[in-house]
Every structure is written in C-alpha cells, then in structure tokens.
Amino acid sequence: MDRQQVLHQFMQLYALQPERLSKQVRIEQALRQAITQQWPSGLRLPSHRVLADAIQVARQTLALAIGTLLEEQLLTTAHGQGTWTCKPVTPPPDAPANVQLSQRAQRVLQGPGASMIQSGAFVPGIPDIAQFPMRKWRQLYASVTVPQNALLLSYSTGGYGPLKRAIRDFLARWRDIHCDTEQIIITDGTHNGIELCAVALADVGDTVAMESPCYWGARNVFTAAGLNIEMLPWRPEAGHALPATPGPVALAYLTGSHHYPLSVPTSAEHKQRLCEALSPTYVVEDDYEFNRDDHPNLLFDAHSERHLLVGSFSKMMFPGLRLGYLVVPRHLAGPMNRLRSELFREGRMLDQAVLAQFIFDGDLDAWCRRIQRDYLGRQQVLHDQLRSLPQVRSVSAPSSAISLCVEFEPGINDVAIAQSLLKEHLIVRPLSPVCASSDPRVGLVMGVGMLSGETLVREAQRLRRCLEPLLR
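The UniProt record's numbering numbers the first residue of the sequence shown as 1 and each following residue consecutively.
1) Mind checking whether A224 and V108 have CB atoms under 9 Å apart?
2) For S312 versus G159, is the C-beta distance shorter than 9 Å?
3) Starting from Y325, trace the beta strand (DSSP E) both ways and give me its first and last residue.
4) With distances taken between CB atoms, is the gap from F122 to L471 smaller than 9 Å?
5) Output needed for Q385: all residues of its chain with C-beta closer than 6 Å, excluding positions within five of it in sequence on either side, in chain order.
6) Return the Cβ separation of V406 and G443 in integer angstroms, given the expectation that the two are a contact with Cβ distance under 8 Å.
7) Can you check the segment 270–306 for any beta strand (DSSP E) of at least 3 residues that lies completely inside it and give the ranges in chain order?
8) Using only CA atoms, which one of H191, A353, G411, K87 lies nearest to R393?
9) So does the segment 206–213 actually touch the segment 245–255, counting three or more Cβ pairs closer than 8 Å?
10) From the DSSP output, which residues share a beta bridge with A121?
11) Quick check: the Cα distance between Q38 and F10, rounded to an integer number of angstroms?
12) If you draw a straight line from the C-alpha of D53 to the C-alpha of Q419, how long is it?
13) Between which two residues does the beta strand (DSSP E) containing C214 stretch?
14) Just verifying my parser: in three-state terms, what is the DSSP assignment at E39?
15) Here's a check: name, in chain order, each residue in its chain whose Cβ is nearer than 8 Å to the Cβ of P433, leaving out the five neighbours to either side.
16) Since A244 is in the alpha helix (DSSP H), which residue starts that stretch and which ends it?
17) F318 and F132 - do their beta-carbons sit closer together than 9 Å?
18) Which residues in the same chain as R429 place their Cβ atom closer than 6 Å to its Cβ, once the five residues preceding and following it in sequence are excluded?
19) Given A166, which residues of its chain have a CB within under 7 Å of its CB, disregarding the five upstream and five downstream residues?
20) Consult DSSP for P265 and reduce its assignment to one of helix, strand or coil.
21) DSSP on L227, reduced to helix/strand/coil?
22) Below 7 Å CB to CB, which residues in the same chain sit around A34 once its five sequence neighbours on both sides are set aside?
23) In whole angstroms, what is the alpha-carbon distance linking S388 and S267?
24) Compare the C-alpha of E28 against each of P246, E72, D2 and name the closest.
25) Under the three-state reduction of DSSP, which class applies to G449: helix, strand or coil?
26) How would you write the range of the beta strand (DSSP E) that C405 sits in, first residue to last?
27) Between T181 and S314, is the Cβ-Cβ spacing less than 9 Å?
28) Using CA atoms only, rank isn't needed, just tell me which of T68, C86, R173 is closest to G362.
29) Once the 5 residues before and after H178 are set aside, which same chain residues still bring their CB inside 7 Å of it?
30) Is the Cβ-Cβ distance between A202 and P335 less than 9 Å?
31) Pick helix, strand or coil for H178, following the three-state DSSP scheme.
32) Whose C-beta lies closer than 7 Å to the C-beta of L62 among residues of the same chain, with five residues either side of it excluded?
33) Whole-angstrom Cβ separation of L232 and L242, contact assumed at under 8 Å?
34) Can you list, in chain order, the residues of its chain whose CB lies under 6 Å from that of N220, leaving out five sequence neighbours each side?
35) Whole angstroms are fine: how far does the CA of Q81 sit from the CA of Y260?
36) Within this structure, are the beta carbons of L326 and D351 separated by less than 9 Å?
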C-alpha cells in the first residue's frame with residue numbers, strides 16, 4: 001500500500017466522523033478504524049506534517065491523537081524513524097479442542113450477531129450520539145452525586161421509584177399507554193427485558209413464535225434460553241403466514257409500532273389475527289422504534305393478563321445507557337420483579353436517577369421531537385438515492401426511525417454485497433440472515449444515525465455508486 005492510498009483512506013475516514021466532535025477525537029476514530037479494519041500491521045505512516053496538512057489540522061492536535069493510539073498500542077514509534085501500525089491480535093477462529101461450549105451457545109455464535117464495527121457510514125441501530133445534549137446529562141449527574149444521595153450507590157429494589165413514575169407519564173404522552181407504576185420493571189436494556197420474559201414465562205423446549213424478518217438480538221436471547229423458535233414471515237400488505245397445524249406456543253414475540261428490520265409501520269390487526277390463530281400464553285411486544293403518532297399499531301393492552309411491552313432508551317438517547325423497561329400484567333409484576341432481583345442483582349441507581357430527572361425536566365420529549373425530525377430528513381436523502389437503483393424492489397418509506405431497509409429482487413446475494421460495501425467502509429446489515437428458511441427476501445438494513453448534513457449527502461451518493469455495479 002503506497003503513501004497516497006494511506007493518505008486517501010485516512011482523509012476519507014476523517015471526513016466520515018461527525019463534525020460536532022473535536023478534531024482530535026475525529027483523528028483518533030479515523031486512525032483507529034483504519035488500523036483495525038483496513039491497514040495491515042507494520043504499515044509505516046506518512047509524517048505527522050503530511051497527515052496534518054492532508055486534513056488541515058494543527059500538528060499539535062494530530063500529535064495528541066497519535067499519542068492516544070500509542071497508549072492503546074495501535075501504533076508504535078521509534079524516535080526519528082517513524083510511526084508504524086500495530087494491528088490488534090485476533091484470536092484464532094476455531095476454539096481449542098478442550099473448550100466445549102453448550103449447544104445453545106454454539107447455535108447463538110453460528111447465527112448473525114452484533115457486528116464488531118459499531119461506527120461508520122450507515123451502521124444500523126445506532127442513534128445520533130454526536131448531537132445528544134451531553135452537557136445537560138453531565139449537569140444532572142453532578143446534581144444527584146451528593147453526600148445526601150449515598151443510597152443511590154446501593155442495590156435497587158424493583159427500580160428507582162421516580163424513574164418508574166417518569167416512564168409511566170412518558171408512556172401516557174407518547175404511546176397512549178396508561179399503566180400503574182407497579183407494572184413497570186426497570187431493565188438493563190432490551191436484551192435484559194427479553195431474557196427476563198424468556199426465563200420467567202417459558203421453559204426449555206417451549207416454542208416462541210417470531211416474525212420473519214426478525215430482530216437478530218431477540219432470536220439470540222431466545223436461542224440461549226433453550227426455546228424452540230418458529231419464524232413466521234410477515235408482509236405489510238398481507239400479514240403473517242400462519243402454520244398449517246400450529247402447536248402450543250408459550251410466547252409470541254412481535255415488534256411494536258414500527259417493524260425492525262423492515263422499517264415500516266406494523267399492523268395491530270395483523271398481530272391480533274396471528275394471536276387468535278396461535279393462542280400464545282403470553283404476547284411480548286418490542287417497542288424498538290416509534291414516533292408520537294403511531295401508537296394505534298400497538299397490540300399491547302396494559303389491562304390484559306397476557307400482554308407485555310419491552311422498551312429501551314438506547315435507541316432514543318445513546319447505546320451506552322443500557323436502561324430499559326418492561327410493562328407487565330399486574331399479576332406478574334411482583335414475581336418478575338423478584339426474579340429479576342435474584343438473577344441479575346439490580347443496581348445503576350445513579351443512572352436511573354439522572355434519567356428520571358432528564359424526563360421530568362422535559363429534556364427527553366424535546367430531544368425526541370428534535371431528533372425524529374432530523375431522522376425523517378436524513379431518510380429522505382437516502383431514499384432518493386436508492387429507489388432507482390437496478391434490482392431494487394422497494395425502499396422503506398422515509399420515517400422518523402434510525403433505520404431504513406432496501407429490498408432487492410430475488411437472487412441477489414445480499415451477504416456478499418454487504419461484505420463488498422464493508423471494504424469501502426460502508427457498514428450495512430444483510431436482510432436474508434434474519435429471515436426464515438421459507439422467506440426468500442433479500443436486501444440491506446442501514447442506519448441514518450451516524451451521518452447528517454453534507455456528509456450524509458456525500459456518503460449516500462458514494463453508497464449509490466458502490467451499489468450500482470454490485471447490483472448489475
């Protein structure tokens with residue numbers, strides 16, 4: 001790899017970083033991505049002066065970023081001789097013969113899972129963390145971290161009471177859901193809530209019905225819990241494909257008002273028809289993405305004895321928060337709260353207190369209104385670039401969600417396309433691996449959370465240019 005290629009890739013990755021980040025952080029992230037994903041180990045970098053001039057930053061700023069990567073051992077240097085890359089050592093793909101994972105663990109690892117790449121152009125499932133009001137968040141932390149609040153450092157018992165009240169009122173405003181605070185269980189994110197449902201409401205070998213395409217994370221949780229998974233294709237225009245002879249179903253896991261990964265509105269009528277046919281013992285609805293006006297698509301009923309709702313703040317705010325909630329029937333609230341405490345040991349009271357105040361102050365409502373308007377505009381940009389590509393069957397209509405789905409004509413190898421785009425640092429997820437064997441749909445799932453403004457326009461055009469020859 002010659003110096004011009006190295007410079008071009010570095011400049012390209014630097015331009016992809018959110019402009020609201022400091023120049024030093026943008027340099028760090030660009031170099032980190034290049035070293036771990038594109039450049040070989042032992043590659044000598046151009047001089048600091050050349051790198052700084054290429055992206056028009058001060059040499060001191062570049063030197064501080066280089067220093068961070070030297071500490072992380074992603075770079076090495078010798079005085080007066082240059083700087084070289086040190087690619088992280090990856091473990092061998094095959095586990096040693098004496099490591100025996102359970103069959104459930106092996107099934108999870110064999111399926112599609114979380115990508116190791118969690119930043120970059122069009123990475124799905126990541127909200128806009130650059131615009132999040134972090135200054136207000138830090139101020140709230142300072143306000144709750146005082147000696148009088150020492151109890152916030154202990155275990156919680158059933159979750160922080162003010163946060164439950166804040167979530168209750170938020171659900172009433174945004175989802176038209178009216179429940180008691182006793183029905184709300186604070187969880188460590190969506191996966192934790194789904195796992196609690198699987199452990200509490202089903203036994204090993206029981207059947208959970210899921211839609212196809214499905215949310216891969218939920219499928220992995222159910223697989224790890226030892227449940228038998230039956231995937232039923234869902235199409236927005238026709239509803240669910242029902243099994244000829246349905247057997248006993250312990251759980252029906254459904255997406256909420258906005259389907260993920262198809263990124264289209266769901267239908268309460270379709271979900272009701274499915275539940276009437278399957279008669280599941282419990283119905284778990286995952287309110288993954290939503291806006292203020294789509295609550296009629298929810299099947300969830302807070303007064304029902306078999307309906308549960310899973311929610312998370314990770315997609316609304318920032319992924320590292322890892323706080324969510326379950327809304328459960330009244331008769332399950334006590335047992336499931338106790339089970340959660342026994343299995344997972346509740347805590348994180350400081351985070352819960354800050355989030356509660358963030359909601360009470362109206363900051364979450366204001367943030368949701370603002371960022372959802374932004375997402376709608378970003379999706380329109382991407383939609384306009386993709387809809388006229390060859391072999392494209394459909395592109396999900398622009399919405400206020402962070403994800404968009406493009407469906408291809410049958411026969412297209414979406415996995416190979418996603419791998420090709422990865423080489424161009426365009427991060428997307430293929431659709432086919434999260435579809436049932438009886439569901440031939442292929443396509444790509446992509447996000448709009450990491451890009452905005454002129455950077456989004458430029459990268460959307462680059463995505464189109466890369467896709468055209470692959471689809472032809």
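Backbone N, C-alpha and C fix where the C-beta goes; we use that ideal spot for every residue, glycine too.
Short version:
1) Contact check for A224 against V108 passes: the beta carbons are separated by less than 9 Å.
2) For S312 and G159, no; Cβs fall outside 9 Å.
3) Start and end: 324–327.
4) Contact flag unset, no.
5) So the qualifying residues of the chain are A460, R464.
6) Indeed they touch by this definition, with Cβ atoms about 5 Å apart.
7) Here the runs fully enclosed are 282–286.
8) Considering only alpha carbons, the answer is G411.
9) The segment 206–213 vs the segment 245–255: in contact.
10) A121 is bridged to L426.
11) Looking at the two C-alpha atoms, the distance is approximately 10 Å.
12) Taking the straight line from one Cα to the other gives about 32 Å.
13) C214 -> no beta strand (DSSP E), and no H or E assigned at all.
14) The amino acid at residue 39 is misidentified as Glu; the sequence shows Trp. W39 falls in the coil class under three-state DSSP.
15) Taken in chain order, the residues that qualify are G111, P112, W216, V415.
16) Where A244 is concerned, there is no enclosing alpha helix (DSSP H), given that its DSSP letter is neither H nor E.
17) At a Cβ-Cβ threshold of 9 Å, F132 and F318 count as neighbours.
18) P124, V445.
19) If we look at A166 and ignore the five residues flanking it on each side, its Cβ neighbours are A356, I359, F360.
20) When DSSP states are grouped into helix, strand and coil, P265 belongs to the strand group.
21) Secondary structure of L227 (DSSP, three-state): coil.
22) Same-chain partners within the cutoff: Q9, F10, L13.
23) The alpha-carbon separation between S388 and S267 amounts to approximately 27 Å.
24) The shortest Cα separation from E28 among P246, E72, D2 belongs to E72.
25) It is coil, neither helix nor strand.
26) C405 -> beta strand (DSSP E) spans 403–408.
27) Result no, Cβ atoms of T181 and S314 do not sit closer than 9 Å.
28) Closest in C-alpha terms to G362, from the list T68, C86, R173, comes R173.
29) Take H178, set aside five residues on each side of it, and the residues of its chain with a beta-carbon closer than 7 Å to its own are A172, A302, in chain order.
30) No. Outside cutoff.
31) H178: coil per DSSP, three-state reduction.
32) Around L62: I27, H48, L51, A52.
33) The pair is a contact, with the Cβ atoms about 7 Å apart (cut-off 8 Å).
34) Result list for N220: V108, in chain order.
35) For Y260 and Q81, the distance between alpha carbons rounds to 51 Å.
36) Against a cut-off of 9 Å, the Cβ pair of D351 and L326 comes out as no contact.
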